[in-house]
Amino acid sequence: MTKLVLGALNPIALQFGPFTVHWYGVIIASGVVLALWLSIREGARLGLNEDVFYDYLLCALPVAIICARTYYVTFEWQYYSAHPSEIIAIWDGGIAIYGAIIGGFLTMAIFCHYRHVNMWTLLDVVAPTVIMAQGIGRWGNFMNQEAFGVITTRAALVAQHLPNWIIQQMYIGGHYRVPTFLYESLGDLVGFALLMLLRHRHHLFKRGEVFLAYVSWYACVRMVVEGMRTDSLMLGGLRVSQWLSVIFLVVAVCTFIYRRRHQADLPWYTSLFVPEGSQKL
């Protein structure tokens with residue numbers, strides 16, 4: 002029996018005349034929509050009106066995209082300075098998740114200030130859904146054949162029990178590549194599952210600590226996976242995302258310790274739940 006061998010998957014999902022819809026955008030948009038839905042459901046437990054999430058998304062999404070692209074272009078300026086017309090071509094990939102995280106966080110700080118919403122509470126609500134969206138979004142890299150690792154062999158990929166369609170998509174530039182996009186996606190989705198399972202446990206997380214757990218988990222995942230990639234953004238011979246991961250991890254852990262020692266009156270996350278049917282903020 003002849004084994005069916007597939008070629009690389011088409012990164013274009015649909016095309017209407019001059020308009021092209023890329024799988025990269027479809028996948029990222031799907032992750033955002035699912036994250037919004039889950040955040041609204043959790044927000045209801047804390048008395049947050051769903052309009053808070055719609056309004057925040059409308060503010061944060063364009064800022065996050067701009068920051069993610071700016072971050073990437075900044076560290077690849079040698080290329081983009083010679084190809085300025087490609088700076089806005091995000092449909093071909095090339096957005097940095099750390100740029101999006103920074104942009105989203107800054108937007109939230111401003112948004113919560115003007116909407117009189119506790120920022121730590123809102124961060125706790127969205128944190129698990131953000132890491133889930135990141136895990137889903139990595140499959141956009143898969144469709145674009147980016148965020149890959151070193152050269153490997155087909156036999157090594159088969160030994161990992163990967164399906165043939167993933168193995169074939171990892172055939173890039175005449176060589177099979179380590180699917181680092183997959184490793185990070187799995188790490189993100191495991192983090193999402195753990196946060197979803199643990200955040201409602203009584204006397205486990207105080208307000209703000211679900212978010213700090215997310216930052217710590219993602220920083221560790223990214224630190225490990227980034228070291229396996231061959232397309233890392235570099236600065237002075239150093240992998241930018243690895244160093245940023247170290248900084249985020251240290252800040253998250255120090256913040257957790259400081260708040261536990263000096264803010265003993267912080268409420269437990271589950272104590273913030275409002276009775277069903279209560280007035281929402």
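According to this note's numbering, the sequence shown is numbered sequentially starting from 2.
For glycine and all other residues, C-beta sits at the position ideal for the given N, C-alpha and C.
{"Asked": "Presumed contact (8 Å Cβ cut-off) between Y57 and F112, rounded CB distance", "Found": "5 Å"}
{"Asked": "Per-residue DSSP class, three states only, for G150", "Found": "strand"}
{"Asked": "For K4, three-class secondary structure by DSSP", "Found": "Any reading at K4 is ruled out, since the residue's pLDDT is 44, under 50, leaving its predicted position unreliable."}
{"Asked": "Straight-line gap, S31 to A265 (C-alpha atoms, nearest Å)", "Found": "39 Å"}
{"Asked": "For L195, the three-state DSSP class (helix, strand or coil)", "Found": "helix"}
{"Asked": "Sequence ranges, alpha helix (DSSP H) only - wholly within the stretch 51 to 131, length at least 4", "Found": "51 to 76, 78 to 81 and 98 to 116"}
{"Asked": "Secondary structure of H176, DSSP reduced to three states", "Found": "strand"}
{"Asked": "Burial state of G104, where buried means 16 or more other Cβ atoms lie within 10 Å", "Found": "buried"}
{"Asked": "Closest residue to L236 among A128, W244 and M229 (Cα-Cα distance)", "Found": "W244"}
{"Asked": "Same chain only: Cβ atoms within 8 Å of T71, ignoring 5 sequence neighbours per side", "Found": "G100"}
{"Asked": "Buried/exposed call for Q135, threshold 16 Cβ in 10 Å", "Found": "buried"}
{"Asked": "Nearest neighbour of M12, chosen from R230, V216, W218 and E147 [CA to CA]", "Found": "Looking at the sequence provided, one finds Pro at residue 12 rather than Met. Nearest of R230, V216, W218 and E147 to P12, Cα basis: E147."}
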